[in-house]
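Below: one structure, written as structure tokens.
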Amino acid sequence: MKKEFKVIIDLLPKNVRVLDVGCGDGSLMDLLIKEKNIEARGLELVEENVKKCIYKGLSVIEGDAETELHQFPSQSFDFVVLSQTLQAFYNPEKVLKDLLRIGKSVIISIPNFGYWKVRTSLLLFGKMPVTKTLPNSWYNTPNLHMCTIKDLFHFCLEKNIKIDRAIGVNANSTSEIKKSNLEIKNLFSKLGIFLLS
Amino acid sequence: MPGLAGLFFYMNDKLKNIKKLNISKPLLLDCKQTVRDFPLAYETYGELNESKDNAILIFHALTGDQFVSGVNPITKKEGWWVTAVGPDKAIDTNKYFVICANVIGGCMGSWGPKEIDKKTNEPYGLNFPVITIRDMVKAQETLLDHLGVEKLLCATGGSMGGMQLLQFCATFPNRTFSAVPIACSTSHSAQNIALNELARQAIMADPVWDKGKYLKKNVQPKNGLAVARMVGHISYLSEKGMQEKFGRKLQEKADYEFSFDADFQIESYLRHQGYTFVERFDANSVLYITRAMDYFDLSRQFKGGLTGAFKNQKTKFLVISFSSDWLYTTKENKDTVIALNASGADVSFAEIKTDKGHDSFLVNEPEFLKTLKGFIDSMHIKFRNEKRI
Numbered sequence: 022m023k024k025e026f027k028v029i030i031d032l033l034p035k036n037v038r039v040l041d042v043g044c045g046d047g048s049l050m051d052l053l054i055k056e057k058n059i060e061a062r063g064l065e066l067v068e069e070n071v072k073k074c075i076y077k078g079l080s081v082i083e084g085d086a087e088t089e090l091h092q093f094p095s096q097s098f099d100f101v102v103l104s105q106t107l108q109a110f111y112n113p114e115k116v117l118k119d120l121l122r123i124g125k126s127v128i129i130s131i132p133n134f135g136y137w138k139v140r141t142s143l144l145l146f147g148k149m150p151v152t153k154t155l156p157n158s159w160y161n162t163p164n165l166h167m168c169t170i171k172d173l174f175h176f177c178l179e180k181n182i183k184i185d186r187a188i189g190v191n192a193n194s195t196s197e198i199k200k201s202n203l204e205i206k207n208l209f210s211k212l213g214i215f216l217l218s
Numbered sequence: 057m058p059g060l061a062g063l064f065f066y067m068n069d070k071l072k073n074i075k076k077l078n079i080s081k082p083l084l085l086d087c088k089q090t091v092r093d094f095p096l097a098y099e100t101y102g103e104l105n106e107s108k109d110n111a112i113l114i115f116h117a118l119t120g121d122q123f124v125s126g127v128n129p130i131t132k133k134e135g136w137w138v139t140a141v142g143p144d145k146a147i148d149t150n151k152y153f154v155i156c157a158n159v160i161g162g163c164m165g166s167w168g169p170k171e172i173d174k175k176t177n178e179p180y181g182l183n184f185p186v187i188t189i190r191d192m193v194k195a196q197e198t199l200l201d202h203l204g205v206e207k208l209l210c211a212t213g214g215s216m217g218g219m220q221l222l223q224f225c226a227t228f229p230n231r232t233f234s235a236v237p238i239a240c241s242t243s244h245s246a247q248n249i250a251l252n253e254l255a256r257q258a259i260m261a262d263p264v265w266d267k268g269k270y271l272k273k274n275v276q277p278k279n280g281l282a283v284a285r286m287v288g289h290i291s292y293l294s295e296k297g298m299q300e301k302f303g304r305k306l307q308e309k310a311d312y313e314f315s316f317d318a319d320f321q322i323e324s325y326l327r328h329q330g331y332t333f334v335e336r337f338d339a340n341s342v343l344y345i346t347r348a349m350d351y352f353d354l355s356r357q358f359k360g361g362l363t364g365a366f367k368n369q370k371t372k373f374l375v376i377s378f379s380s381d382w383l384y385t386t387k388e389n390k391d392t393v394i395a396l397n398a399s400g401a402d403v404s405f406a407e408i409k410t411d412k413g414h415d416s417f418l419v420n421e422p423e424f425l426k427t428l429k430g431f432i433d434s435m436h437i438k439f440r441n442e443k444r445i
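Going line by line, the protein sequences match chains A and B. Each number in this note's numbering corresponds to the 1-based position in the first sequence with 21 added. Each number in this note's numbering corresponds to the 1-based position in the second sequence with 56 added.
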């Protein structure tokens, strides 16, 4: 299982309602149902992925989170999950607000642009970084609004979004992010996972 | 050679040998008339298994009938949904028990305007009551009781079939474990009412129609009915699909004939569709069924509109639309998804990318058929598990 999914599953209680925005082929939804008896729904843009979900018996709506989140009533889910796609939206702020409207809590994961390998790539080689979590080149990346863990942390403070948990994820370890260790976690975490409300 | 009307009555004669349920329980129609003792013609395919977890109900569209698969015993043509239903098809009749009934108001053996009114001993014609989608669905629910199916594995239908399905789910909540409404909407749009009105006006403008009394004279308003069918056929295709299939191709000729014969292939196609239709369909049935479609508006029937219509649904929905369908657009289908979502129902949605227009669900559209099969098969596993618990 992907480390990221493990962290997300651990954050979720049993028997809740979860909307997985950008659910892909439904791997996470499958795990949520099996491990936590969660009522999972997905929203997915890619037709092929939508069909994969349907064949697995998962509930999925084909649609674009950028423009179609309005169809979900306010507070209709206990949790909304957005895995590594916030940076790909034209208007991440609007999407995030919508997620917070739909879910009582929101779990967001972001590839951390503040990770030391990313920083050194730009600093030493003067080239846009290409890493495992950021596999695309500058000209074909879907990521329009790259941010760091620190950026998202400050954004939430600014916008009065409550950070219930923030977790830094690396290949072999996870760790709590707090205001006090923000600088160091921002440097050494590949991925940031935030539980917001 | 028997004339057209002769052929029609020959067909009527053959309709005596098809499966019919006599519905004796009184049915209060939306127009406030109560009817009892009327026939509902139906067909089944496959076998109901012991645990009764494999029944699928199919609702047919405007010009469909109960003969979904195999060969239609009346017309001797293939069933209208052979692309999707049959042995080893998406809806596999080796595995599933498939039920389909002819709607009331129809003309394939169910109670409709060409049946004999016992009061007058003549065909009903326009004395037939105006029926609604809800009336159709209520009659069909009786059939499930008759066949001993308490809860369906799945119910599905496209176009008017999808509208019946949404009505069925709203009126009889949780009578089906899953539902696949295809290319339909929760109410008929102005454009769709307009196209239906065009079809009706074509029939009524035919002098043979004679205020619906043509059957007394053993005739059919075939010119009007054929035009009505042509209107329908145009709306079932997409602009792109039509252009690609027909373009400006001429019908078995090298040049224009400078006449009003069918020079273009598209003209010939429409004429063929029109004139084969009159051999199997009753003109008054078109009037009644299109009216039922136009009156359909689920939001009017429930407190709280559509959210009320779908509240407390445990049924798992999969709404399917086709990208080139301009009769029941993706947007309209999405509105159904939004309404289901707003009611907290379990709903999936997929848009099939195709140039085949509204007809996509009837023709061989592999992506659609794969999606339908994938959903129903996965629902079967879930339904079985639920029944075991």
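Beta carbons: idealized from backbone N, C-alpha and C, even for Gly.
Beta strand (DSSP E) segment containing residue i, residue limits
i	result
cysteine 87 of chain B	Counting along the chain, cysteine 87 of chain B falls outside any beta strand (DSSP E), and DSSP gives it neither H nor E.
isoleucine 376 of chain B	372–378
valine 39 of chain A	38–42
cysteine 210 of chain B	208–214
glutamate 60 of chain A	60–65
glycine 135 of chain B	Note, glycine 135 of chain B: premise wrong, no beta strand (DSSP E); not H, not E.
tyrosine 101 of chain B	94–101
leucine 71 of chain B	Careful: leucine 71 of chain B lies outside any beta strand (DSSP E) and carries neither H nor E.
leucine 212 of chain A	212–217
valine 101 of chain A	98–104
Burial state of residue i (16 or more Cβ within 10 Å)
i	result
serine 315 of chain B	exposed
phenylalanine 174 of chain A	buried
proline 113 of chain A	buried
cysteine 87 of chain B	exposed
methionine 57 of chain B	With a pLDDT of 39 at methionine 57 of chain B, under the threshold of 50, the predicted position of this residue should be treated as unreliable, and no value is reported.
phenylalanine 146 of chain A	exposed
proline 132 of chain A	buried
glutamate 171 of chain B	buried
histidine 91 of chain A	exposed
For residue i, the three-state DSSP class (helix, strand or coil)
i	result
lysine 180 of chain A	coil
valine 139 of chain A	helix
alanine 109 of chain A	helix
asparagine 441 of chain B	helix
phenylalanine 333 of chain B	helix
valine 124 of chain B	coil
isoleucine 160 of chain B	coil
lysine 296 of chain B	helix
phenylalanine 424 of chain B	helix
isoleucine 147 of chain B	strand
leucine 77 of chain B	strand
alanine 258 of chain B	helix
proline 263 of chain B	helix
glycine 219 of chain A	Nothing can be reported for residue 219 of chain A: it is not among the residues displayed for chain A, which extend from 22 to 218.
valine 190 of chain A	strand
isoleucine 322 of chain B	helix
isoleucine 128 of chain A	strand
glutamate 407 of chain B	strand
phenylalanine 153 of chain B	strand
glutamate 178 of chain B	strand
Chain-ordered chain B contacts of residue i [CB-CB under 9 angstroms]
i	result
lysine 72 of chain A	Ala406, Glu423, Lys426, Thr427 and Gly430
glutamate 68 of chain A	Ala406, Glu407, Ile408, Lys409 and Glu423
Interface residues of chain A facing residue i [CB-CB closer than 9 angstroms]
i	result
aspartate 402 of chain B	Glu60, Arg62 and Ser80
asparagine 389 of chain B	Result: empty, since nearest Cβ-Cβ is about 11 angstroms, beyond 9 angstroms.
leucine 374 of chain B	Ile75 and Ser80
alanine 365 of chain B	Simply none; closest approach about 15 angstroms.
lysine 398 of chain B	In the sequence under discussion, the amino acid at residue 398 of chain B is alanine, which differs from the lysine named in the question. Within chain A, the residues near alanine 398 of chain B are Gln92, Phe93, Pro94 and Ser97.
Per-residue contacts from residue i into chain B (C-beta, under 7 angstroms)
i	result
glutamate 83 of chain A	Phe405, Ala406 and Glu407
Chain-ordered neighbours of residue i on chain A, where CB pairs are closer than 8 angstroms
i	result
serine 434 of chain B	Ile75, Tyr76, Lys77 and Gly78
valine 393 of chain B	Ile82 and Gln92
Contacts of residue i in chain A (Cβ-Cβ under 7 angstroms)
i	result
lysine 438 of chain B	Gly78
Span of the alpha helix (DSSP H) around residue i
i	result
alanine 195 of chain B	189–203
leucine 118 of chain B	Here leucine 118 of chain B belongs to no alpha helix (DSSP H), and DSSP marks it neither H nor E.
lysine 27 of chain A	24–32
phenylalanine 209 of chain A	203–209
glutamate 308 of chain B	Per DSSP, glutamate 308 of chain B belongs to no alpha helix (DSSP H) and is neither H nor E.
Contact test: residue i Cβ vs the ligand NAP heavy atom, cutoff 7 angstroms
i	result
isoleucine 54 of chain A	Within the structure as shown, the ligand NAP is missing, as the structure has no ligands at all.
ask   = With contact counted as at least three CB pairs below 8 angstroms, one residue from each stretch, are the region 325–342 of chain B and the region 361–378 of chain B in contact?
value = no
ask   = Are the region 301–311 of chain B and the region 319–326 of chain B in contact at 8 angstroms, needing three or more beta carbon pairs?
value = yes
message = Any contact between the region 130–147 of chain B and the region 175–182 of chain B? By contact I mean 3 or more CB pairs, one from each, below 8 angstroms.
response = no
request  = Would you check if the region 135–143 of chain A and the region 108–127 of chain A touch, i.e. whether three or more CB-CB distances between them fall below 8 angstroms?
outcome  = no
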